[in-house]
Amino acid sequence: MARPAPARRAQRARRWVLGATLALVLAVGLAAGDRYSSAPAGPRECTAEVRPVAFGTTGTDPAMPPSPHTAPGLTQIGGVVNDASCLNEVPVHGVARPGSEDDVVQAVAYARENDLAVSVSGTRHAMGGQASYPGGLLLDMRGLDAVTVDAEAGTVRVGAGATWRSVLETLHAEGRAVTAMPSIDILSVGGTVSVNAHGVDFRRGSLAGTVRSLRLVTADGTVRDIDRASDPELFGAVIGGYGLFGVITEVELETVQDSMYQLEQRVIPSGDLARTYLEEVVPDENARLMYAHLSTAPSSFLSEAILYTYSDTGGTPGNVAEPIPLLKDTQDSRVGRLALNLARHGGVFQEARWAAQKHVLPSFQPCTRSRNAALRDAEACLVARTQATYNGLGLLNHKLPDRTDVLHEYFVEPDRLGEFLEAAAPVLLDHDAELLSASVRVVHRDEVLLSYAPGDRLSVVLYLSQDLSDAGNADMAGLTRRLVTLTLEHEGTFYLPYQPHYTREQVVQAYPTLDEFFALKRQHDPEELFRNAFYTRFS
């Protein structure tokens, strides 16, 4: 049946407005040129390397002078370190980058002999002070990056400094996939286990349930193998333990058979997300991955969502006629980076980006491709599980020296999600920080001592852009405090690895086991060798 004339005219008008808006954005983008669309040559300076500063100069007074002893892998004496936000510069005694587990043991001994605190880092994306300590020895674990698959056991052993990207690449070649992982694959495995990260497999939730065992260097230099059977108390404290119980050197993870998934996406009111998840997605036995993107456009801010679900088709990459191809990185396009960077200015740019996500991008995802062709494209309707999680988000890298990006994350019960988003929207709009992305994921209760999920929860992840200035910092601090208060009013919790603009009382309210956690830490590390800014502030 033909559409009524008024409906056709309205549809044409919407298309015209969308086309005109996108044309305007493109024109502005072309004028902005390389600055807005191209990636930087390397990591941002604040995380690329430790910045050396001479002893005795401003900013290094808390750091100790060089010791006559040396630690294996000691790459820097003095200087400062920062995290991915570029907002938390900390002077340190030095940085060691161990290349083996024995190097870690010797570095810990060096710190103990020289009365140094030890903190541990991977890719330094924790922004709450968990990966540094003033005047301490920082262990940069990126040198421990081995990945070994045990196909018979269905597991993979991973060095703590290896990134999830390298894990995916190794498993994909073996026809295996990770069970759970964070949604960005450039993070280190040891770091994400230390914060108990989670991702888009809504049936598994966080990493905790997928970790078989850990190797841990303790404060006295002992190397221990721990798992939930041999030492459930310590096992549950180290996962999500922020590096305070020792140095994780290796993690054994569960894996699953890689499968072909079919992607479905639909636009729904964000108030319907929880109901749709519980009543439609959970009962679907073939549904494997699920997440939602919330609108950041002013006209539908947090009130509209695109729900993405991946369902198992029953096929495996090993069934295809050709060898399994290399994973393809689809997240580093100049167009995508241009759209994201223009969205930092809000208004029409946010409207255009959301319109493109709803109406333009789906047209580039035809389901009529062959299985092999679809396998090569993460955004196709038919895609391997490993490809669906192979997401470095390279488009987030930018060349804007006056801007930085920070993450927030809040957890609420499913039936509180709608009212939480409705209350959060005006708070976000009342601040200068620009919300670039908002997503919803699923987490479940686990055995972690310092757990952000006392039950089934929906996670609201906010990716915000702020001015790299005192005013920008003050605005972000105020926004964080308001959102934390709002979350607690909705009986939710907040994620600790991000900017610590909250009080100890608020942490205790969200994490009632906090004092038990710190008491257990002191039991295993009575000299408090392992320290970070988070521990100092909240213990």
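To convert, note that position 338 of the sequence shown is 338 in full-length UniProt numbering; the numbers rise steadily by one, no gaps.
Positions of the beta carbon are idealized from the N, C-alpha and C atoms, including for glycine.
Just so we're clear, the structure is a prediction, and the values are computed from it rather than from any experiment.
Check: Can you tell me the Cα-Cα spacing of L462 and I77, whole angstroms?
Finding: 36 Å
Next item on the list: With a floor of 3 residues, list each beta strand (DSSP E) that falls wholly inside the stretch 148-198, ordered by position along the chain.
Entry: 155-159, 176-178
Next item on the list: Return yes when the Cβ of F235 is within less than 7 Å of the Cβ of D225, no when it is not.
Entry: no
Check: Does the Cβ of L429 have 16 or more other Cβ atoms within 10 Å, making it buried, or fewer, making it exposed?
Finding: exposed
Check: For Y291, which residues does DSSP report across the bridge?
Finding: Y308
Next item on the list: Count the CB pairs spanning the stretch 240-255 and the stretch 524-535 that are closer than 8 Å, and state whether there are at least three.
Entry: yes
Notebook entry, point to check: So, V149 versus E169, is the Cβ gap smaller than 7 Å?
Noted result: no
Margin query: Assuming Q106 is part of the alpha helix (DSSP H), what are its boundary residues?
Written below: 101-113
Item checked: Sequence-distant residues of the same chain with beta carbon closer than 6 Å to Y410, five excluded per side -> V460, T487, G492, F494
Item checked: Coarse secondary structure for R228, derived from DSSP in three states -> coil
Note to self: Using a Cβ-Cβ cutoff of less than 7 Å, which residues in the same chain neighbour R212 once the five nearest sequence positions on both sides are dropped?
What the structure shows: T155, D227, E252, L253, E254
Next item on the list: Go through its chain and collect everything with a Cβ distance to L74's Cβ below 7 Å, but skip five positions before and after it.
Entry: G94, A96
Next item on the list: Tell me whether the beta-carbon of A109 lies closer than 7 Å to the beta-carbon of G221.
Entry: yes
Next item on the list: Taking only the alpha-carbon atoms, compute the straight-line gap between G135 and A343 and give it to the nearest angstrom.
Entry: 39 Å
Next item on the list: Alpha carbon to alpha carbon, how far is I268 from E304? Give it in angstroms, no decimals.
Entry: 6 Å
Next item on the list: Assess, as a yes-or-no matter, whether the stretch 470-478 is touched by the stretch 503-514 under the definition of 3 or more beta carbon pairs within less than 8 Å.
Entry: no
Notebook entry, point to check: Can you round the beta-carbon distance between P500 and R537 to whole angstroms, since I take them to be within the 8 Å contact cut?
Noted result: 7 Å
Next item on the list: Can you tell me which of the three DSSP states M141 falls into?
Entry: helix
Margin query: Considering only heavy atoms of the ligand SAH, does any lie closer than 6 Å to the CB of I226?
Written below: The model depicted lacks the ligand SAH and carries no ligand whatsoever.
Item checked: Candidates A287, V158, S311, A84: closest to A131 by CA position -> A84
Next item on the list: Go ahead and pull the three-state DSSP assignment for G346.
Entry: coil
Margin query: Can you tell me whether G478 is helix, strand or coil according to DSSP?
Written below: helix
Next item on the list: Compute the beta-carbon to beta-carbon distance between L435 and L458, rounded to the nearest angstrom, for a pair I have assumed lies under 8 Å.
Entry: Contact flag wrong, Cβ pair sits at about 18 Å.
Next item on the list: For A388, count neighbouring Cβ atoms within 10 angstroms of its own Cβ and tell me buried if that reaches 16, exposed if not.
Entry: buried
Note to self: Suppose only complete runs of 3+ residues qualify. What are the beta strand (DSSP E) ranges in the stretch 398-422, listed by chain order?
What the structure shows: 403-412
Check: Which one of T313, T163, N196 has the shortest CA to CA distance from I184?
Finding: T163
Item checked: Secondary structure, beta strand (DSSP E): runs of 3+ residues fully inside the stretch 216-271 -> 223-226, 247-257, 260-269
Checklist line | Three-state class that DSSP yields for P91 in the structure shown | finding: strand
Check: Going by beta carbon distance, what residues of the same chain come within less than 6 Å of A219, once the five residues before and after it are set aside?
Finding: D525, L529
Next item on the list: Name the one or two DSSP bridge partners that T493 has.
Entry: F411
Next item on the list: Determine the contact status of F518 and L449, defining contact as a CB-CB distance below 7 Å.
Entry: no
Next item on the list: Return helix, strand or coil for S299, following the three-state DSSP convention.
Entry: helix
Note to self: Could you check whether G161 and A146 sit closer than 7 Å to each other, using their CB atoms as the reference points?
What the structure shows: no
Next item on the list: Leaving aside the five residues before and after K521 along the sequence, list all residues of the same chain whose C-beta is less than 7 Å from its C-beta, in chain order.
Entry: L244, F245
Notebook entry, point to check: From L307 to A292, what does the alpha carbon distance come to, in whole angstroms?
Noted result: 4 Å
Notebook entry, point to check: For E233, which of E447, E101, H490, G478 has the nearest alpha-carbon?
Noted result: E447
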